[in-house]
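Data block below; observations after.
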Amino acid sequence: MNCREAFAKLYEYLDQELGEDDKKELEQHLEFCSDCLKKYELEEEFNKVIKQKILCLPDVTHLKNRVREQIDKIDASSQPRNIFFLLMPLFAAAIIVLVIFIPFGKGSDPQAVLLATRPFADEHSKCLQHIMKYDVESTDPAVVKAGMAQFPDLPQILFAATPADISIQAAAVVHLASGDDAYFDFKASGEDVSVFVLPRNTVDKSPFKKVERNGKAFYIGSCPLYQYVIWACDAHECIAVSKLSQSQLIDFALIF
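Here the sequence shown stands for residues 278 to 533, numbered as in my numbering.
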């Protein structure tokens, strides 16, 4: 699928859900050709429409006209159509992929998970894109702990020794709906894991599935891009976000 074909499918999506084969092809294109929507300045409008589609039927007339305009421009252009291949998709395109491939209005768990975890997914994407602004960067837990001294009641287990394939990388203060919260970046099995330390009962757990491992309760959820695990940690609750498999992420959480 090239850029022109992708726009044609997005144009069709504005009126109706896409078929499974079309969804897969479009998902693959947006994952690798992540500059598509940015180049044609359509990211912002698509994000608005997606938010509206979650709640109600939006007015897509203006956006359809803009997409149609870009299709016509591509048809009239002699430039190569499929040249914007990147290793890491921009999060705006990723969110569009994430929501397009979940039918609206059906109350599906992945959609509810997406709505509950959007702020955490945003921050994790900053980490993966290397644009997160850290307050402290170190693989020494003592250094990271000292750099987050403004949070004196953080779970001390976060700074304890970990298995060889897990290591702390950095920490930051993130500004979420619950206030200023502590954020930690870990590496686990070669993948980044974002851990948010929050007040108890910050996250609505109703979209998540409760599982028990080693006598501890975990709430797990997934979307096409990330896996999520929520668990109680001392007087706090933590939520981990990663591309690790669900079982790997639970194993990670069990350490803490």
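In this text, a Cβ means the ideal position worked out from N, Cα and C, and glycines have one as well. In this text the structure is predicted, and so the values were computed from the model without any measurement.
Exercise. By the 10 Å Cβ neighbour count, where 16 or more other Cβ atoms means buried, how is V451 classified, buried or exposed?
Worked result: With a 10 Å radius around the Cβ and a threshold of 16 neighbouring Cβ atoms, V451 comes out buried.
For this session: Can you give me the start and stop residues for the beta strand (DSSP E) that V450 sits inside?
Result: Element bounds for V450: I443 to L453.
For this session: Using three-state DSSP, classify H401 as helix, strand or coil.
Result: Three-state result, H401: helix.
For this session: Count the CB pairs spanning the region 481–491 and the region 430–444 that are closer than 8 Å, and state whether there are at least three.
Result: The region 430–444 and the region 481–491 do not touch, with fewer than three beta-carbon pairs separated by less than 8 Å.
Problem set entry | Distance between beta carbons of V470 and L521, contact taken as under 8 Å | Contact flag correct, Cβ pair sits at about 7 Å.
For this session: Can you say whether H513 is buried or exposed, counting buried as having 16 or more other CB atoms within 10 angstroms of its CB?
Result: Flag for H513 reads buried.
Problem set entry | Reduced DSSP category for E414 - H, G, I as helix; E, B as strand; rest coil | The answer is strand: DSSP assigns E414 an E or B state.
Exercise. Looking at C-beta atoms only, is the number of pairs between the region 388–401 and the region 495–508 that lie closer than 8 Å three or more?
Worked result: Because the criterion of three Cβ pairs below 8 Å is met, the region 388–401 and the region 495–508 touch.
For this session: Give the DSSP-derived three-state secondary structure of I331 in the structure shown.
Result: Residue placement at I331 is poorly supported in this model, since its pLDDT is 48, which falls under 50; the coordinates still yield a value, given next. Helix, per DSSP.
Problem set entry | Buried versus exposed call for A530 [16 or more other C-beta atoms within 10 Å across all chains shown] | With 16 or more Cβ atoms within 10 Å of its Cβ, A530 is classed as buried.
For this session: Take the Cβ of A408 as the centre, count every other Cβ of all protein chains shown within 10 Å, and call the residue buried at 16 or more, exposed below.
Result: It is worth fixing the name first, because residue 408 is Ile in this sequence and not Ala. So I408 ends up on the exposed side.
Problem set entry | Bridge partners - E489, DSSP secondary structure assignment | Note: E489 sits in a beta bridge opposite A494.
Exercise. Short check: CB of Q525 to CB of S466, under 8 Å?
Worked result: Contact flag set, yes.
Problem set entry | One or two residues paired with L521 in a DSSP bridge | DSSP lists no bridge partner for L521.
For this session: Would you tell me roughly how many angstroms separate the C-alpha atoms of L303 and L431, rounded to the nearest one?
Result: Each residue's Cα considered, the two are about 43 Å apart.
Exercise. So, is S519 buried or exposed, given that buried needs 16 or more other C-beta atoms within 10 angstroms?
Worked result: Per the 10 Å Cβ criterion, buried.
Exercise. What did DSSP end up calling A220 once you bin it into helix, strand or coil?
Worked result: Only positions 278 to 533 of the chain appear in the structure, and residue 220 is not among them; the question remains open.
Exercise. Are K286 and D298 touching if we call contact CB-CB under 8 Å?
Worked result: At least 8 Å separates the beta-carbon of K286 from that of D298.
Exercise. What is the rounded straight-line gap between the Cα of D457 and the Cα of F463?
Worked result: About 20 Å.
Exercise. What's the C-alpha gap between F461 and C280?
Worked result: The straight-line gap from Cα to Cα measures roughly 37 Å.
Problem set entry | Rounded separation between I421 and Q347 - CA only | Sequence check: residue 421 is Val here, not Ile. Taking C-alpha positions only, V421 is separated from Q347 by approximately 48 Å.
Exercise. Of the residues T394, F533 and D442, which one's Cα is nearest the Cα of L453?
Worked result: For the residues T394, F533 and D442, the minimum Cα distance to L453 belongs to T394.
Problem set entry | Spatially closest choice to P440 from M278, F533 and K301, by CA coordinates | Among M278, F533 and K301, the Cα nearest to that of P440 belongs to F533.
Exercise. In this structure, does DSSP put Q388 in helix, strand or coil?
Worked result: It is helical.
Problem set entry | Top-ranked residue by Cα proximity to Q446, from F495, P418 and A509 | The shortest CA-to-CA distance from Q446 to any of F495, P418 and A509 is the one to P418.
Exercise. Quick one: is A449 buried, meaning 16 or more other Cβ sit within 10 Å of its Cβ, or exposed?
Worked result: Within 10 angstroms of the beta-carbon of A449 lie 16 or more other beta-carbons, which makes it buried.
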